[in-house]
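These protein sequence lines map, in sequence, to chains C and Z. Quick note on the numbering used here: the first sequence kicks off at -13 and runs consecutively. Quick note on the numbering used here: the second sequence kicks off at -13 and runs consecutively. Every residue, glycine too, gets a C-beta built ideally from N, C-alpha and C. Quick caveat, the model's predicted, so the values are computed rather than measured.
There are 2 protein chains.
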Amino acid sequence: MSKPLILVSNDDGITAPGIHHLVKVMAQIGEVVVVAPDGPQSGMGHAITIGNTLRLTEVDIFDHASAYECSGTPADCVKIAKHFVLKDRHPDLVVSGINHGSNTSISVLYSGTMSAAIEAALEGTPAIGFSLCDYANDADFSHTLEYVEKIARQALSKGIPKGVALNVNFPPRQNEPLKGIKVCRQANAKWQEEFDLRYDPHGRRYFWMAGNFVNFDKGEDNDEWAIANNYVSIVPVKYDLTAHHAIMELNEEWEL
Amino acid sequence: MSKPLILVSNDDGITAPGIHHLVKVMAQIGEVVVVAPDGPQSGMGHAITIGNTLRLTEVDIFDHASAYECSGTPADCVKIAKHFVLKDRHPDLVVSGINHGSNTSISVLYSGTMSAAIEAALEGTPAIGFSLCDYANDADFSHTLEYVEKIARQALSKGIPKGVALNVNFPPRQNEPLKGIKVCRQANAKWQEEFDLRYDPHGRRYFWMAGNFVNFDKGEDNDEWAIANNYVSIVPVKYDLTAHHAIMELNEEWEL
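Structure follows, in structure tokens:
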């Protein structure tokens, strides 16, 4: 039986520790090809490069994987992997991450990690984004690795429902071991931004965007609750954004 | 009665003809504040600027609106509008566009136009993205304007369901008038990319991403069908990406 073909990407860039952990785990499961950004692409959402050119360079930085760095976004990486790097070979699984930082709740919208996974799901490939809720570059990923392997193997053997990608988040490492996995819905929360006004050496003003995460969700079936209670969260996400419940309301209430 | 406060943004940049049409229509309805990118941001999806600074400059380019150009993405524009430009004033409506090009079907994921609207919806503000399925800079928007006004006025009087933004697309101008409005679901379609390999003057390779839109959808209740049949399409979209139907499947079928 031939080994499964696994495409790996991320949004922190190909040199981030998180993707190195992910490649190491995936190399135990299958043949690994990495196509990842040549620098950080956090917060890029589902951006793609359409008004500019892309570079793609083969690099030798992983022991058990062929690898390419790309000048584009995570979504670009998956597209160019499919249409140029892998050509006629179709990956059995696409994994993205392990992100340095949370992609729970509404952060999924801004997440380059998840855009790589969603891009793959669009192509009909089982896809998973993995994120550790710890932003440190030297974050401890050790507690996540057995779960990353377990979830990837389940995706390969059981498949992922059509039109869906998985958003997997891990709590930061605690003294106690992880309690297990919860399949969750996306928590109802948002970022409350603040803009820090400063002046450059030429006297012109500029801003840094900063923000606090505000959780409105009182339920226990959501990803924020899972992370806060030391569970791994899996949220199945879809790219059909239609708010079906609103169609009837618009048809009945609006005068169109 | 005070006039409604309407925030306008887009992703083609503040000098694009489409936003000028939109501002003109909105100025008939309310007080208009424009915060839009200082250059094209197409394809930026829901990107935000977190590792870099933002610039914001007041500009005098609209007759009946105060206006600011911002160095960031459409989502950044809405955030800085709310937290810096408008401060304590809450807009009654946020509109984005009119985009030069289609944002039907899966294009909603890549759309900067829609990310501005979704960002506003996150803040609880009724929000609409408008797009004309004609990419030309000198596209004819004349057939869209009465519908833009009608839809905006309905949003102000009837509201938009919580957690939802509207994705409105217009067919290119035909010889016949538009047939009306259809409330639709997002069509099941995708972009089939091609990467055009070239070499720069230094002999290094680079790529242009290009692609064809492929429609798999055989239904008549979707936005692609509406546009192809000269209707205005309205798709209500939500930012809770949870694939609720998949939660049960994962809980039952997977060994977690």
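Just by C-beta distance, which residues in the region 19 to 53 of chain Z are closer than 7 angstroms to chain C?
Hits within the stretch, in order: 26, 28, 29, 30, 31, 32, 33, 34, 35, 36, 37, 39, 40, 41 and 42.
Listing by chain order, which chain Z residues have their CB less than 8 angstroms from the CB of residue 225 of chain C?
Per Cβ cutoff of 8 angstroms: 92, 95 and 227.
Between the region 220 to 232 of chain Z and the region 221 to 239 of chain C, are three or more C-beta pairs nearer than 8 angstroms?
The region 220 to 232 of chain Z, when compared against the region 221 to 239 of chain C, does touch it at the 8 angstroms Cβ threshold.
Starting from residue 137 of chain C, trace the alpha helix (DSSP H) in both directions and tell me its first and last residue.
That run of the alpha helix (DSSP H) goes 131 to 144.
Please confirm if the region 98 to 112 of chain C is in contact with the region 19 to 35 of chain C, defined as three or more CB-CB distances below 8 angstroms between the two stretches.
Result yes; three or more Cβ-Cβ pairs closer than 8 angstroms.
Any beta carbon from chain C within less than 8 angstroms of residue 160 of chain Z's own beta carbon?
So no, residue 160 of chain Z is outside the interface.
Nearest chain B C-beta to residue 239 of chain C closer than 8 angstroms, yes or no?
No chain B is present in this structure, whose protein chains are C and Z.
Could you give the residue range of the alpha helix (DSSP H) that holds residue 211 of chain Z?
209 to 214 is the span of the alpha helix (DSSP H), which, as asked, contains residue 211 of chain Z.
Please determine if the region 109 to 117 of chain Z and the region 138 to 154 of chain Z are in contact, where contact requires at least 3 C-beta pairs separated by less than 8 angstroms.
These segments touch.
When you compare the CB of residue 176 of chain Z with every CB in chain C, is at least one pair closer than 8 angstroms?
Yes, residue 176 of chain Z counts as interfacial toward chain C.
What would DSSP say about residue 86 of chain Z, mapped onto helix, strand or coil?
Note: residue 86 of chain Z maps to strand in three-state DSSP.
Under a Cβ-count criterion, where at least 16 other Cβ atoms within 10 Å of its own Cβ denotes burial, should residue 14 of chain C be classed as buried or exposed?
It counts as exposed.
Look up residue 30 of chain Z in the DSSP assignment and say whether it is helix, strand or coil.
If DSSP states are grouped into helix, strand and coil, residue 30 of chain Z belongs with coil.
Between residue 235 of chain C and chain Z, is there a C-beta pair that is closer than 8 angstroms?
Yes, contact with chain Z.
Looking at chain Z, which residues of the region 182 to 212 of chain C have a Cβ within less than 7 angstroms of any of its Cβ atoms?
Going along the region 182 to 212 of chain C in chain order, one finds 192, 193, 194 and 195 with a Cβ nearer than 7 angstroms to chain Z.
When you compare the CB of residue 101 of chain C with every CB in chain Z, is at least one pair closer than 8 angstroms?
Closer than 8 angstroms to some Cβ of chain Z, the Cβ of residue 101 of chain C qualifies, so yes.
Counting only runs that start and end within the region 168 to 200 of chain Z, where is the alpha helix (DSSP H) found for 4 or more residues in a row?
Complete alpha helix (DSSP H) runs here, min 4: none at all.
Considering Cα atoms alone, identify which of Z:138, Z:129, Z:169 and Z:229 is closest to residue 148 of chain C.
Considering only alpha carbons, the answer is Z:229.
Taking just the CA atoms, how far does residue -5 of chain Z sit from residue 64 of chain Z?
Between residue 64 of chain Z and residue -5 of chain Z, the C-alpha separation is close to 7 angstroms.
Measuring only between beta-carbons, confirm whether residue 156 of chain Z sits less than 8 angstroms from chain C.
Output row for residue 156 of chain Z: interface = no.
What does a CB cutoff of less than 7 angstroms around residue 193 of chain Z pick up in its chain, not counting 5 residues either side in sequence?
Hits under 7 angstroms: 181, 182 and 183.
Using a Cβ-Cβ cutoff of less than 6 angstroms, which residues in the same chain neighbour residue -7 of chain C once the five nearest sequence positions on both sides are dropped?
Around residue -7 of chain C: 19, 67, 77 and 80.
Do the CB positions of residue 171 of chain C and residue 208 of chain C come within less than 8 angstroms of each other?
In this structure, residue 208 of chain C lies closer than 8 angstroms to residue 171 of chain C by Cβ.
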